[in-house]
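J.: Starting off with a structure, shown below.
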Amino acid sequence: METIQSLFNGFAIALHPINLLYCFFGTFIGTFVGVLPGLGPAATIALLLPTTYHLNPVSSMIMLAGICYGCMYGSSTTSILLNIPGEPASVITCLDGYQMARKGRAGLALSISAIGSFIAGTSTLIILVFLAPALAKFALKFGPTEYFALMVMSLSIVTYLARISMIKGLMMACLGLILGTIGMDPVNATPRFTFGIRELYDGLTLPAVMMGLFGISEVIENVGAFIKQEVYGGEIKGFLGTREDWKRTAKPIGRGTLIGFFMGIFPGVGSIVPTIISYVVEKKISKHPERFGTGEIEGVAAPEACNNAAVGGTFVPLLSLGIPSNPMTAMLLAALMIFGLHPGPLLIQETPHLFWGVVASMYIGNVMLLVLNLPLIPMWVKVLKIPYSYLYTMILLFCLIGAYSINNSITDVIVMIMAGIFGYLLRKSKYELAPLILAYVLGPIMEPAFRRSLIISKGSFSIFFTHPISAIFMAVTFFMLILPLFTKRRVGEGFQQDD
Amino acid sequence: MEISDRWSGSFWLIFSILICIESYRLGIGSFYAPGTGFFPFWAGMVFGTLSLLLLVQTFIRARRRGGISERIRWGSVILVLASLFIYAIVLEKLGFIFSTLLFIAALLMIIERKKWHIVTIIAIISTLAFYIVFQVWLQSNLPKGFWGL
């Protein structure tokens, strides 16, 4: 009953005209960047972060969350029409979605993916509403030891899912932890690795680093490559499909939703692996597995439902534990910290209006996306025809001015450009950025937890294995680290990770 | 395993050694009373070990020839980077409006070779749009240059 009451309060907040407007902004921008290949939700949130300093935290979070799920809607459009996934989470949609488009069923593929996303998005919110507060209540028992173990576990899952090389994934996690120590020691305020530069005393400015790693480096990569875009020229029609089509998709949507949500909950999993698994599951249980890849409707419905459900899933550890699952939620965590809130089990209790307002806005946002998106598809296709030269000039300018306006300081701009070059070199030498960013965001929380645990245990590492909850987390970590030694191929090998 | 791993592995190995030295200088403390350099020191140690493993792997495993096979337009990449740095340097001296006009013109004319009248129109419209969003709406203090612009 209490939950229902809180949810109603949340709706009252989310339906406030200003918040409705920001919800619309968020979903609209999200769809836009989802459609555009080469600019992901993490970079977009980083870009918009400086602009949200002047807003109140609830409106900002409503807008930023809108970007996350709006993006999933948008990216399916390009996967289906162009065979180019706007986001890595829609890579799988290309397989059957694009084939459907080639067979003249683009309209149906688009509407199935939009409606599947809608069903998944709204139904996961129902579970989220009950699960997140309960989990937060449970997590109140966590001390620094449990927290440290939990964060180590999330990092190990992220590196396990690193597609290219486990060693490189772990290296990036270590690098992230080291970069996170730049600035003042959180315990006794001694400056570390600052080389006497005063601006670095507070650490590297996170939004600047993120804009560099995900925005600038991606632009440089695209500018350096010879890309040619071909937009699907055919007419898009037949949105409705037949009754048979809808009957066939009901179950895949349900399964995709469950897989997405329950995998997404695990800190570190993110949204790509669940979509791959849901596709594989559909193929396994299908009566005609050989037809997958030739334009099977199930192959679009399940992963599209799944990637939206996974976004809902990743919000559970973010809002109830303060643990991000991918770069996108890492940016949301950073946003919460910048607003002066304390992400963690107390977030829901301390700022109920934020939690419930954001959750309620996600229902509304999903409705907005459904209503707006199908009629707007021709417009999104036009967006794809904007020449990249104009687009990247604007993205670069947005990054430059955004970085400058964080603290009105050129140092941040330089940090961003350097992070961009660094990110480009890392991409080119096949290092993944997701473990780096997650470790970088979690590092400053992990370090005090680690040091406090050791002080409590008088220097004995056994504390991490004798506390039962932390022992479970450590066991999972251990399992994740040794697993690659026994398995030849990992799930989703060859796919780029979330960004 | 690619040849580039050998370069990056060596780089990270040296990097991690430097991190460990600096952390040692900051004071590692002990396990029961960890100091300022404790956390980066151990992160650096693990990092260094992993880099070494990566290096060793490049010697053991079969090599994939050719390294980076894709073609890269290095000219454009360097020009874009140069414009970014120049923008950062001149922003506070020339002011927001002039720097932005120049930046857009540089990218579109030099790298993308668009016609000058199109570039002029786009530069003016987008500078104005950015000015309205950041200065008027969000009230960030964009730097001013000549004549208070």
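Taken in sequence, the protein lines are chains A and B.
Residue numbering for the first sequence follows this note's numbering, beginning at 931 and increasing consecutively.
Residue numbering for the second sequence follows this note's numbering, beginning at 280 and increasing consecutively.
Where a beta carbon is used, it is the ideal one built from N, C-alpha and C, also for glycine.
What three-state label does DSSP hand A/R1122 in the structure shown?
T.: Here the question's residue 1122 of chain A lines up with position 192 in the first sequence. If DSSP states are grouped into helix, strand and coil, A/R1122 belongs with the strands.
J.: DSSP three-state call for A/G1350: helix, strand or coil?
T.: Your numbering for residue 1350 of chain A matches position 420 in the first sequence. Three-state DSSP puts A/G1350 in a helix.
J.: Output the residue ranges of the beta strand (DSSP E) runs that lie fully inside the stretch 935-1013 of chain A and measure 3 residues or longer, sorted by chain position.
T.: none
J.: Buried or exposed for A/K1213, please, with buried defined as at least 16 other CB atoms from any protein chain shown within 10 angstroms of its CB.
T.: Counting from one through the first sequence, the residue named residue 1213 of chain A turns up at place 283. Answer is buried; the Cβ neighbour count reaches 16.
J.: Give the list of continuous alpha helix (DSSP H) stretches no shorter than 4 residues that lie fully inside the stretch 1273-1341 of chain A.
T.: 1277-1280, 1282-1313, 1318-1337
J.: Does the beta carbon of B/W291 sit closer than 8 Å to a beta carbon anywhere in chain A?
T.: One-based indexing of the second sequence puts residue 291 of chain B at position 12. With 8 Å as the cut-off, B/W291 counts as an interface residue toward chain A.
J.: Distance check for A/V1406 and A/G1184, CA to CA, integer angstroms please.
T.: Position 254 of the first sequence holds residue 1184 of chain A. Position 476 of the first sequence holds residue 1406 of chain A. Approximately 28 Å, taken between the alpha carbons.
J.: Compute the distance between the beta-carbons of A/L1025 and A/G1332, then report whether it is under 8 Å.
T.: Position 95 of the first sequence, counting from 1, holds the residue named residue 1025 of chain A. Position 402 of the first sequence, counting from 1, holds the residue named residue 1332 of chain A. Taking 8 Å as the Cβ cut-off, A/L1025 and A/G1332 do not qualify as a contacting pair.
J.: Is DSSP giving A/M931 helix, strand or coil here?
T.: As a working note, residue 931 of chain A is residue 1 in the first sequence. Coil.
J.: B/A367 versus chain A: which residues are under 8 Å apart at the beta carbon?
T.: Indexing the second sequence from 1 puts residue 367 of chain B at position 88. For the C-beta of B/A367, the chain A residues within less than 8 Å are, from N- to C-terminus, L1330, I1340, V1343, I1344, I1347.
J.: In three-state terms, what does DSSP make of A/G1113?
T.: Counting from 1 along the first sequence, the entry for residue 1113 of chain A is found at position 183. A/G1113 falls in the strand class under three-state DSSP.
J.: Going straight from the alpha carbon of A/L1314 to that of A/I1307, what length do you get?
T.: Residue numbering aside, residue 1314 of chain A sits at position 384 when the first sequence is read from its first letter. Residue numbering aside, residue 1307 of chain A sits at position 377 when the first sequence is read from its first letter. Answer to the nearest angstrom: the Cα atoms are 11 Å apart.
J.: Can you grab the Cα-Cα spacing for the pair A/T1075 / B/I339, in whole Å?
T.: Residue numbering aside, residue 1075 of chain A sits at position 145 when the first sequence is read from its first letter. Residue numbering aside, residue 339 of chain B sits at position 60 when the second sequence is read from its first letter. Taking the straight line joining both Cα atoms gives about 39 Å.
J.: Under 8 Å, CB to CB, which of the residues in the stretch 311-335 of chain B have a partner in chain A?
T.: Y311, A312, P313, T315, G316, F317, F318, P319, A322, G323, V325, F326, L329, S330, L332, L333
J.: Measuring only between beta-carbons, confirm whether A/K1312 sits less than 8 Å from chain B.
T.: Taking the first sequence and counting its residues from 1, the one referred to as residue 1312 of chain A is at position 382. No, A/K1312 does not count as interfacial toward chain B.
J.: Measure from the C-beta of A/S1359 to each C-beta in chain B and report whether the shortest distance is under 8 Å.
T.: As a first step, residue 1359 of chain A is located in the first sequence; it is residue number 429 there, counting from the start. Chain B contact via Cβ: present.
J.: How is A/P1074 classed by DSSP in three states: helix, strand or coil?
T.: Along the first sequence, one-based indexing puts residue 1074 of chain A at 144. Looking at A/P1074 - three-state DSSP - the assignment turns out to be helix.
J.: With 16 as the cutoff for other CB atoms within 10 Å, does A/M1030 come out buried or exposed?
T.: Position 100 of the first sequence, counted from the first residue, corresponds to residue 1030 of chain A. Buried.
J.: Checking 8 Å against the spacing of the C-beta atoms, do A/V1088 and A/F1403 come in under that value?
T.: Residue mapping note: residue 1088 of chain A aligns to position 158 of the first sequence, counting from 1. Residue mapping note: residue 1403 of chain A aligns to position 473 of the first sequence, counting from 1. Result no, Cβ atoms of A/V1088 and A/F1403 do not sit closer than 8 Å.
J.: Could you name the residues of chain B that A/Y1209 contacts, counting a contact when the two beta carbons are closer than 9 Å?
T.: Here residue 1209 of chain A is taken as the residue at index 279 of the first sequence, counted from 1. Those within 9 Å of A/Y1209 in chain B number zero; the least Cβ separation is about 28 Å.
J.: A/F1380 versus chain B: which residues are under 7 Å apart at the beta carbon?
T.: Along the first sequence, read from residue 1 onward, the residue named residue 1380 of chain A stands at position 450. Residues of chain B passing the Cβ test: F318.
J.: Can you confirm whether B/R352, when its beta carbon is compared against all beta carbons of chain A, has any partner nearer than 8 Å?
T.: Here residue 352 of chain B refers to the residue found at position 73 of the second sequence. At least one CB of chain A lies nearer than 8 Å to the CB of B/R352.
J.: Looking at the strands, I want to know which residues DSSP matches up with A/G1243.
T.: Within the first sequence, residue 1243 of chain A is the residue found at index 313, counting from 1. DSSP, once it has assigned bridges, lists no residue as partnering A/G1243.
J.: Identify whether B/P313 lies in helix, strand or coil by the three-state DSSP scheme.
T.: Taking the second sequence and counting its residues from 1, the one referred to as residue 313 of chain B is at position 34. In this structure, B/P313 counts as strand in the three-state DSSP scheme.
J.: Which chain A residues are close to B/I298, counting only those with a beta carbon under 7 Å from its beta carbon?
T.: Here residue 298 of chain B corresponds to residue number 19 of the second sequence, with the count starting at 1. The answer, in chain order, is I1108.
J.: Is the beta carbon of A/M1102 closer than 8 Å to that of A/E1362?
T.: Sequence index remark: in the first sequence, residue 1362 of chain A carries index 432 (1-based). Sequence index remark: in the first sequence, residue 1102 of chain A carries index 172 (1-based). Cβ atoms of A/E1362 and A/M1102: closer than 8 Å.
J.: Reducing DSSP to helix, strand and coil, say where B/G308 ends up.
T.: In the second sequence, the residue the question calls residue 308 of chain B occupies position 29. DSSP places B/G308 in strand when its eight states are reduced to three.
J.: Is there a Cβ of chain A sitting closer than 8 Å to that of B/T379, yes or no?
T.: For the purposes of this step, residue 379 of chain B is identified with residue 100 of the second sequence, where counting begins at 1. Among the CB atoms of chain A, one or more fall inside 8 Å of the CB of B/T379.
J.: With 8 Å as the threshold, decide whether the Cβ of A/L1327 is near any Cβ in chain B.
T.: By one-based count along the first sequence, residue 1327 of chain A stands at place 397. Interface residue, yes.
J.: Should A/L1248 and A/L1271 be called a contact, given that it needs their Cβ atoms to be closer than 8 Å?
T.: Position 318 of the first sequence, counting from 1, holds the residue named residue 1248 of chain A. Position 341 of the first sequence, counting from 1, holds the residue named residue 1271 of chain A. No. Outside cutoff.
J.: Hey, out of A/G1000, A/P1275, A/T1008, whose CA is closest to A/F1072's CA?
T.: Taking the first residue of the first sequence as position 1, residue 1072 of chain A is located at position 142. For the residues A/G1000, A/P1275, A/T1008, the minimum Cα distance to A/F1072 belongs to A/P1275.
J.: At least one CB of chain A closer than 8 Å to the CB of B/V359: is that the case?
T.: As a working note, residue 359 of chain B is residue 80 in the second sequence. Closer than 8 Å: yes.
J.: Under 8 Å between C-beta atoms, does B/G345 make it to chain A?
T.: Within the second sequence, the letter at position 66 stands for residue 345 of chain B. With a pLDDT of only 47 at B/G345, under 50, the local geometry of the prediction cannot be trusted, and the value read off the model is given with reservation. Closer than 8 Å: no.
J.: Determine whether the beta carbon atoms of A/S1383 and A/P1197 lie at a separation below 8 Å.
T.: Within the first sequence, numbered from 1, the residue matching residue 1383 of chain A stands at position 453. Within the first sequence, numbered from 1, the residue matching residue 1197 of chain A stands at position 267. Their beta carbons are not under 8 Å apart, which means A/S1383 does not touch A/P1197 by this criterion.
J.: Verify whether the separation of the beta carbon atoms of A/A1039 and A/I1010 is less than 8 Å.
T.: Reading the first sequence from its first residue, position 109 is the one you call residue 1039 of chain A. Reading the first sequence from its first residue, position 80 is the one you call residue 1010 of chain A. Going by C-beta atoms, A/A1039 is nearer than 8 Å to A/I1010.
J.: Keeping to the same chain, check which residues put their C-beta closer than 6 Å to that of A/I1393; ignore five residues upstream and five downstream.
T.: In the first sequence, the residue the question calls residue 1393 of chain A occupies position 463. If the five residues before and after A/I1393 are omitted, its C-beta is found closer than 6 Å to the C-beta atoms of T1075, S1383, S1387, all from its own chain and listed in chain order.
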